[in-house]
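Student: End of the sequence shown = 662 in UniProt numbering, gap-free, step of one. Even for Gly, the Cβ is constructed at its ideal location relative to N, Cα and C.
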Amino acid sequence: MSDDLFENTPTSSGDYDASSIEVLEGLEPVRRRPGMYIGGTDDRALHHLVAEVLDNSMDEAVAGHASRIEVKVEEGNRITISDNGRGMPVAEHPKYPGKSTLEVILTTLHSGGKFSGKAYATSGGLHGVGVSVVNALSDYTRVEVARDKTLYAQEFSKGAPTGDIQELGPTPNRRGTTVTFVPDTEIFGDRKFSAKRLFKLARSKAYLFAGVEIRWKCAESLASDDVPEEAVFKFPGGLADHLAEQIGGRECVTAQPFAGSQDFPEQDGMEQGRVEWAIAWPLYSDGSTSWYCNTVPTPDGGTHEQGVRAALTKGLRAFGELTGTKKAKDLSADDIMVGAEVMLSVFIRDPQFQSQTKDRLTSPEAARLVENAVRDHFDHFLSDNMDRGKALLGQVMERMDERLRRKQEREIKRKTATNAKKLRLPGKLTDCSGEGNGETELFIVEGDSAGGSAKQARNRKTQAILPIRGKILNVASATADKIRANSEIADLTLAMGCGTRKDCDAENLRYDRIIIMTDADVDGAHIATLLMTYFFQEMAEVVRGGHLYLAQPPLYRLTAGKESRYARDDAHRKELEETVFKGKKVDVGRFKGLGEMNPQQLRETTMAPETRSLIRITLPAEFEQRAVVKELVDQLMGRNPEHRFNFIQNNAGEFDREMIDA
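1. Answer yes or no: does any C-beta atom of chain D fall closer than 9 Å to that of S100?
2. Are the beta-carbon atoms of S453 and M597 separated by less than 9 Å?
3. Hey, S288 and E75 are a contact pair by Cβ (cut 8 Å); roughly how many whole angstroms apart?
4. How many Å lie between G87 and A231 at the Cα?
5. Three-state secondary structure (DSSP) at G436?
6. Starting from the Cα of A506, find the closest Cα among P161, D334, L548 and give me that residue.
7. Just to confirm my understanding: we take V182, look at its own chain, exclude 5 residues before and 5 after, and list those with CB closer than 7 Å. What are they?
8. Thinking L361 and C252 are a contact (beta carbons under 8 Å), I'd like their distance in whole angstroms, please.
9. Could you please give me the residues that DSSP links to E230 through a beta bridge?
10. Applying the criterion that 16 or more other CB atoms from any shown protein chain within 10 Å of the CB defines a buried residue, is H380 buried or exposed?
11. Below 8 Å, how does it come out for the stretch 93-113 and the stretch 150-164: are there three or more Cβ pairs, yes or no?
12. The beta strand (DSSP E) with E52 in it runs from where to where?
13. Indicate whether the contact test is met: 3 or more Cβ pairs, each with one atom in the stretch 24-42 and one in the stretch 169-177, closer than 8 Å.
14. For D519 and L530, what's the separation of their Cα atoms in angstroms?
15. Alpha carbon to alpha carbon, what distance is there between L492 and A485?
16. Assuming E446 and I468 make a contact with CB atoms under 8 Å, what is their CB distance in whole Å?
17. Assuming C504 and V542 make a contact with CB atoms under 8 Å, what is their CB distance in whole Å?
18. Please report the residue range of the alpha helix (DSSP H) in which M88 lies.
19. As an exercise, report each continuous beta strand (DSSP E) stretch of at least 3 residues that is fully enclosed by the stretch 308-361, in chain order.
20. Check each candidate in V586, Q552, Q256 and name the one with the smallest Cα separation from G561.
21. Is it buried or exposed for L555, if we count other Cβ within 10 angstroms and need 16 for buried?
22. Between the stretch 36-49 and the stretch 158-165, do three or more beta carbon pairs fall short of 8 Å?
23. In chain order, which beta strand (DSSP E) runs of at least 3 residues are fully inside the stretch 450-511?
24. Kindly identify the DSSP beta-bridge partner or partners of I617.
25. Based on DSSP bridge pairs, tell me the residues matched to K72.
26. Can you give, in chain order, each stretch of the beta strand (DSSP E) that sits fully within the stretch 243-280 and has at least 3 residues?
27. Return the residue from the list A366, K329, E245, K461 that minimises the CA-CA distance to G273.
28. How would you label R460, buried or exposed, when you count the other beta carbons within 10 angstroms and need 16 or more for buried?
29. Are there three or more Cβ pairs, one per stretch, closer than 8 Å when the stretch 223-237 is compared with the stretch 184-203?
30. R309: buried (16+ other C-beta within 10 angstroms of its C-beta) or exposed?
31. Sort V396, Q463, R405, R406 by Cα distance to G429 and report the nearest one.
32. Could you tell me which of G546, A91, K314, T611 sits nearest to R565, measuring between CA atoms?
33. Measure the beta-carbon distance from A278 to A240 and round it to whole angstroms, keeping in mind my assumption that it falls under 8 Å.
34. Let's see if you can read the secondary structure: which residues bound the alpha helix (DSSP H) around D570?
35. Across which residues does DSSP place residue 666 in a beta bridge pair?
36. Assign V522 to buried or exposed, taking buried as 16 or more other Cβ atoms, counted over all protein chains shown, within 10 Å of its Cβ.
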């Protein structure tokens, strides 16, 4: 190590004193780190601004206070969303003398009417950051409120008010809130709203709540064959109407889709919520899934998805037993769900999401509520028309037979290769027998210590363990000769058994799932990135087939008395401290690595299918999108360091606070 490092250390540390610590106030954290609040500054994040404002109007409709919402897209990246709800409060806020409540809502994080549940029984907004974040990231914002037959207005720029709230006079025939905003080019650059994308968003919201009418208006210059200048959306049938439009003229296994809704039971005298679903099984085409919670899309599914999967699986197994189809006991959720058109919408109190962008629902009670509500209706759907039930069971059984056949072929290949020694397997691979009812999995773990814990925690029949030594070779910047000569890469390739590059055949993959299981820290994330790069470049078909996953080991263990919970990260820890452990003295233990967990902890948090959480790594279907992914991988992992430097400079504002703390 260079002596210069030690010589410079006192000078460097001398620059770090009390004045070095910044305290960000108001909405400044949002402008400095927009990625923490809307997931970045890309096109998806830009359109998320519209969703935040529209969700507020939808919350008014779901609460029974609004029947009409208008979405207007104008030139100059200008969006206006209005409703005929109660209107934001405008009186002076008791905690902030001299400020209207409207100004507090627009300029203060974590301010809103959805914390206690008194103003809204269910809502998509939870943390009181939605509209204030939109305001912070907009060059211009104007809010008009028609309340108590009087019109009020206030304008803002970059999160700060440009003047006091104005009383504009009587408006006897108007009520509700109107929000107009123009995103800040300092944050989003020259990105523009897609009228087609917003049209689809507005239409989908109308399907999610049958009692609301959504009016669409679009500037003539932004209209197209797919996007009209004006439209009105109102769907009395809710998701059933949406499904019918999605299916079109396609032939399905059952003439009637499985659709319905059910209120959840009341709790403590207050309505718990409801679930609505619409499911069909097309015969000759692929399906799709759409998950929602409190009208907010959750594209990564979550606990409500688990509930409907459990209800359908248990229902079809029971119907198989009723009709004497003994093999139905081997049905899996994927046999039923893959290829189906599935739409599920839940309304629950105080939902928990994985992040501020609400991509995944994590509320534990949602699984139980949805399963109990859907199961009874599904049993009636199958048994009320036995021919319909048998047709669906037959189609799903065919899918199950195909899955079991492929699984058996893989197991035969594995046994034949091992017994006949036709395939040399890595010496440090601890293989599974492949004789269990569950699907086989290979866990790629970092280091011998974690490998030892994983071997004791695994299911020997279905779970194999392959330890690797630290950070593997970066295949994106290595020559072909260097890749072939690398022992870690050779072990990975042998363990997979499916070949690489143009010779890669995912059908020959020795396992159903490949799970990257690294420490929940920066080094672990780097190793996982190197492994994902390896699979993307060397075994793209394995990724495309949906076989690659990331494990989500916890970073913390929280204990209060006899109750213990695990937290994935700092945000999850804070959420648990504010909910499960609120008001309790909590002992927090931090796992420095997987090797520090005992086998029981590792099993219940990260490896057992019943309790773990996995992230599936996928590739876009369209060739053009795959090219974009390859370009991004080349930028981040390729040989040219200038590309990485430019990417970091252009996207530094999106880095999570956790990385800064680390």
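Tutor: Quick look at the numbers:
1. This model lacks chain D altogether; it includes just one protein chain.
2. yes
3. With 8 Å as the limit, S288 and E75 do not qualify as a contact, their Cβ atoms being about 33 Å apart.
4. 24 Å
5. Model confidence at G436 stands at a pLDDT of 47, short of 50, so the residue's coordinates are unreliable; what they give is reported in the following sentence. Coil at G436, not helix or strand.
6. L548
7. G76, N77, R78, S138, D139, Y140
8. No, L361 and C252 are not in contact; Cβ-Cβ is about 27 Å, not under 8 Å.
9. K217
10. exposed
11. yes
12. It is not in any beta strand (DSSP E) - E52 instead sits in the alpha helix (DSSP H) that spans 43-62.
13. no
14. 14 Å
15. 13 Å
16. 6 Å
17. 7 Å
18. Here M88 belongs to no alpha helix (DSSP H), and DSSP marks it neither H nor E.
19. 341-348
20. V586
21. buried
22. no
23. 463-468
24. DSSP lists no partner for I617.
25. T80, K217
26. 258-263, 273-280
27. A366
28. exposed
29. yes
30. buried
31. It is worth fixing the name first, because residue 429 is Leu in this sequence and not Gly. It is Q463.
32. T611
33. 5 Å
34. 570-578
35. Residue coverage of the chain in this structure runs from 1 to 662, which leaves residue 666 outside it and unanswerable.
36. exposed
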